[in-house]
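Notes for the one structure printed next.
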Amino acid sequence: MRFLALLFLSLPIYAQFTVSGTIKDEANGETLIGVNIYAKEQKTGVSTNVYGFYSLSLPAGTHTLIVSYVGYHSLEKVINVKEDKTLNIELKDKGTVLQEVVIQAEKEDANVKSVSMSVNKVEMRTIKKMPALLGEVDLVRSILYLPGVSSVGEGSSGFNVRGGAIDQNLVLLDEAPVYNSSHLMGFFSIFNPDVVKDVKLIKGGVPAQYGGRISSILDVRMKEGNNKKTEFTGGIGTIFSRFALEGPLKKNKGSYIVALRRSYIDILAKPFLKDDLKDVKFYFYDFTAKANYQLDDKNTLYLSGYFGRDLFGADFGFDWGNATTTLRWNHVFNRKLFLNTTLFYSKYKYSLDSDLKNTNKEDVFRWNSDILNYSVKPDFTWYLNSKNTISFGGQSILYHFNPGSALIVSSSEGKDIGIPKKKALESALYLGNEMKISDNLTINAGIRYSDYRYFGSPQAYVFDENGTPGERKSVLDTLHYSGNELIQRYGNWEPRLSANLSLGPRTSLKIGYNHLAQYIHLLSNTTASSPLDVWTPSTNNIKPQISDQLALGLFMNFKDNMYESSVEVYYKTLQNQIDYIRNADLLLNPLVEGDLMYGKGRAYGAEFFVKKNKGNLNGWISYTLSRTERKVNGLNNNEWFLSRIDKLHNLSVVAIYDISKRWNMGATFTYMTGTPASFPTTKYIWQGIAVPHNYYDERNIYRIPASHRLDLSATLKNKHALFKKGESEWVFSIYNVYNRRNPFSVYVRQNPDDPSKTEAVRYSVFASILPSITYNFKF
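If you number the sequence shown the way my numbering does, the last residue is 866 and the count never jumps.
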């Protein structure tokens, strides 16, 4: 009760009026996220929400509003408040690079004054200036330069945040979850940079409206499209080309944007492939679209979608991909109450086919697996007064799991095998309040209750939990269920709390805590995630993953906000973490739960971040010192061991330099400790063949060598684009400048010349310099 009472501390003590509205880009009508609206005399302010809406409570009288946003001209407006007032504003893009932006000092300290912590935002205009693999701008690769974020190696898919596995990150595209965010097995992400408007990574202090994952939230918002004029943008690169078209459905009322990408590695490589490789296919494509229409001053509809696939193989091959659709309704009840209702559909599917040419009818193997979900999510924001902004709402997600179904045809006789399909329903209600307790203290307190129900599978197994730890569990009983009968139910209270204590005009101390639950799991016992990994729900045997994280941070800005800096320390505990017995069988195994083991984890560390915001040279330096450990009964002699994703040191440097109005340079450097690994300690010689063996059963006591890499880029802006209109640019980049052969993994194998000997082999994904050139245009 005390916690709930904390949500409603600061009630109004005098009559106030409300100034509210929407803030957009003057050039294209795009709503702007996170714009600062500051009332100078009252020394109070708000920021626009993710839909560009704001609401500010002020007493009667004359007020000076300062509206500022990174990359835009700030606006100062004097208003006379006598009653509730609607004030829609359009800001003008400076049309210059991020480094040259100078904003009014009152709200430049948003990183210091905001109550949110463990949150990083990277502007798309900055991402586009960073060197990229083969010259292709990549959103997911760019966040790897942020503190607390890493991957298991170059070319791996997904990312890890503060010791969490990749399935513990909720990746959202216009509020729809994406279950595999990579193309070409991790080389590129699915996010087309031409349609992305906003990127936010939340590592801690997670607001109450988010749920379902225990490590981080990557919230990606798509552009709405230009509602004032038609524009065509695109790029032609070394690996793929992309094109986007946007324009008004009705001027100043509605707009659309459509974008298409297609790689052509298969086309470029075809002349060099012969014999068995001549028919190899290896490419991806994706299509992204969005439309919106303002019905009236209080109602706006949005419809967006993504569809993409990868295909790899020749006679035998596999393909995988995501599909999402999001329908949103924004409704303004009044100047204090705002509603966004979201309906989404999301599907991730992969399949294998032994006969892509469909020529052999007698011997065929086809395998399909997918995860499909539907959701409804109403989110309310109530701007109660100048000291309280209350958020409340809920969400229901219906999951359909197809862990794996296969058809095997041999000598014209077919057989269906696989795992029965499963269903689950996850629902939640939440309540939160951002409270300004005093001029120096702001608190954001929230509570979420999640309810999970597993049902629909025709049978469930009861395993012997008293067997030998680390060995396959035997089945004690098989339980049978009808259609939609409930099999297992879980529920969790998920409190969250963030606080900001101001220590001065440009210094603050922040603290954040969250207790999170996750009900779905990714089964993978490989070094890095692959498209063939299996998603599974929590069941009567698999319990929800739980995490508790406490973080403390000091935030400081220097030299009139030219530099911003932060130091954060965190400690995270993890429950019900999945591991695997030796030789676990995860694919097409109806008894796969008998091959799973469960343990606990912990992750702790310190993150240092310094960023330069102004001048011809800007960028940032981030350094993370961290430790990630697991403890599973039956592994490593039941002692704590280093997680496979543990990296003690992680250093990143990003620099962007404007040489002139037409030329700018970019450079990135990374250094990462090698990941832990397990190697044989002894070997047996059997019939002249060496058989490696780990005698002491110790896990991850070795490390592969460290990785480090320098990338460079240069951008030349042309005077005109195609047909002497618009604008264009050439981007030249070099990936892995000094030809570092970074190890993805190190493994032990038999010596091919002498089977009685073993040898360690370093495997590298990128082992050479990779130059590239890209031509971008817009008109």
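Quick reminder that beta carbons are idealized off the backbone N, C-alpha and C, glycines included. The structure presented is a predicted model; accordingly, all values stated were derived computationally and were not measured.
Sufficient close CB pairs (3 or more, under 8 Å) joining the region 519 to 534 to the region 288 to 300: Contact between the region 519 to 534 and the region 288 to 300 is present, because at least three Cβ pairs lie under 8 Å.
Straight-line Cα distance separating lysine 164 from glutamine 575: Pairing glutamine 575 with lysine 164, the inter-Cα distance amounts to about 58 Å.
For histidine 567, the residue or residues it bridges with in DSSP: Within the DSSP secondary-structure output, histidine 567 pairs in a beta bridge with Gln546.
For asparagine 723, the three-state DSSP class (helix, strand or coil): Helix at asparagine 723.
Outcome for threonine 375 when other beta-carbon atoms lying within 10 angstroms are tallied against a minimum of 16: Threonine 375 should be labelled buried.
For serine 855, the three-state DSSP class (helix, strand or coil): In the structure shown, serine 855 sits in coil (DSSP, three-state: anything other than H, G, I, E or B).
Alpha carbon of asparagine 676 to alpha carbon of isoleucine 277, nearest angstrom: If I take the Cα positions, the gap works out to 30 Å.
Lysine 316: first and last residue of the uninterrupted beta strand (DSSP E) it sits in: That residue, lysine 316, is in no beta strand (DSSP E); it is neither H nor E in DSSP.
Touch test, the region 745 to 752 against the region 765 to 774, Cβ-Cβ under 8 Å, three pairs minimum: No, they do not touch.
Check whether arginine 329 and lysine 290 have beta carbons under 7 Å apart: No.
Run of the beta strand (DSSP E) containing methionine 522, from where it starts to where it stops: Where methionine 522 is concerned, the enclosing beta strand (DSSP E) stretches over 509 to 523.
Alanine 793 to alanine 754 span [Cα, whole Å]: Between alanine 793 and alanine 754, the alpha-carbon positions lie close to 20 Å from each other.
C-beta contact flag for alanine 197 and serine 433 at 7 Å: Taking C-beta atoms as the reference points, alanine 197 and serine 433 fail to come closer than 7 Å.
Rounded separation between valine 209 and tyrosine 393 - CA only: Our two residues, valine 209 and tyrosine 393, have alpha carbons roughly 22 Å apart in a direct line.
Rounded straight-line distance, which links the Cα of lysine 200 to that of aspartate 131: Note that residue 131 is threonine in the sequence shown, not aspartate. About 11 Å.
Cβ-based burial, alanine 147 [other Cβ within 10 Å; buried from 16]: Here alanine 147 is exposed. Its C-beta has fewer than 16 other C-beta atoms within 10 Å.
Serine 238 CB to nearest heavy atom of the ligand GDP below 6 Å: Among the components modelled here there is no ligand, and therefore nothing to report on the ligand GDP.
Per DSSP, cross-strand counterpart(s) of alanine 754: The partner list for alanine 754 (beta bridge, DSSP) reads Ala742, Leu799.
Nearest-angstrom Cα separation, counted from glycine 599 out to tryptophan 727: One alpha carbon belongs to tryptophan 727, the other to glycine 599, and they sit about 26 Å apart.
Spatial neighbours of glycine 481 in its chain, beta-carbon cut-off 8 Å, leaving aside the 5 residues before and after: Excluding residues within five positions, the ones whose Cβ falls inside 8 Å are Lys464, Pro465, Ser514, Ala515, Leu516, Tyr517.
Unbroken beta strand (DSSP E) run spanning valine 283, endpoints: In this chain, the beta strand (DSSP E) harbouring valine 283 covers 283 to 289.
Those residues which DSSP pairs with leucine 426 across a bridge: According to DSSP, which records beta bridges pairwise, leucine 426 is partnered with His418, Phe467.
Three or more C-beta pairs below 8 Å linking the region 253 to 263 and the region 552 to 565: Touching, no, given that fewer than three Cβ pairs across the two stretches are closer than 8 Å.
Reference aspartate 784; option with closest CA among Asn723, Leu735, Arg796: Aspartate 784 has its Cα closest to that of Asn723, out of Asn723, Leu735, Arg796.
Sheet register partners of proline 335 (DSSP bridge): In the DSSP output, where bridge partners are listed per residue, proline 335 has Ser342.
Leucine 226, enclosing alpha helix (DSSP H) - first and last residue: For leucine 226, the enclosing alpha helix (DSSP H) starts and ends at 226 to 230.
DSSP-derived helix/strand/coil call for arginine 731: Correct three-state label for arginine 731: coil.
Environment of serine 46 [buried if 16+ CB atoms lie within 10 Å]: Look at the range of the chain in this structure, 88 to 866, and you will see that residue 46 is not part of it.
Whole-angstrom distance between isoleucine 708 and valine 654, CA atom to CA atom: Whole-angstrom Cα-Cα distance: 12 Å.
Check whether phenylalanine 62 and valine 852 have beta carbons under 7 Å apart: Nothing in the structure corresponds to residue 62, since the chain is present only between 88 and 866.
Leucine 563 burial status per 10 Å Cβ neighbour count (16 or more: buried): So leucine 563 ends up on the exposed side.
Residue span of the alpha helix (DSSP H) that contains valine 199, given as start and end: Segment 197 to 200, the alpha helix (DSSP H) holding valine 199.
Contacting residues, own chain, Cβ-Cβ under 7 Å from leucine 590 (five flanking each side not counted): Counting only Cβ-Cβ distances below 7 Å, and skipping sequence neighbours, we find Leu596.
Own chain partners of lysine 179 with C-beta closer than 7 Å, once the 5 adjacent residues on each side are dropped: Exclusion of the five residues before and after lysine 179 leaves Glu113, Tyr159, His160 as the residues of its chain whose Cβ lies within less than 7 Å of its Cβ.
Glycine 400 versus phenylalanine 275 - alpha carbon distance: Rounded to the nearest whole angstrom, the CA to CA distance from glycine 400 to phenylalanine 275 is 19 Å.
Alpha carbon of lysine 871 to alpha carbon of aspartate 383, nearest angstrom: The question about residue 871 has no answer, for the chain in this structure spans 88 to 866.
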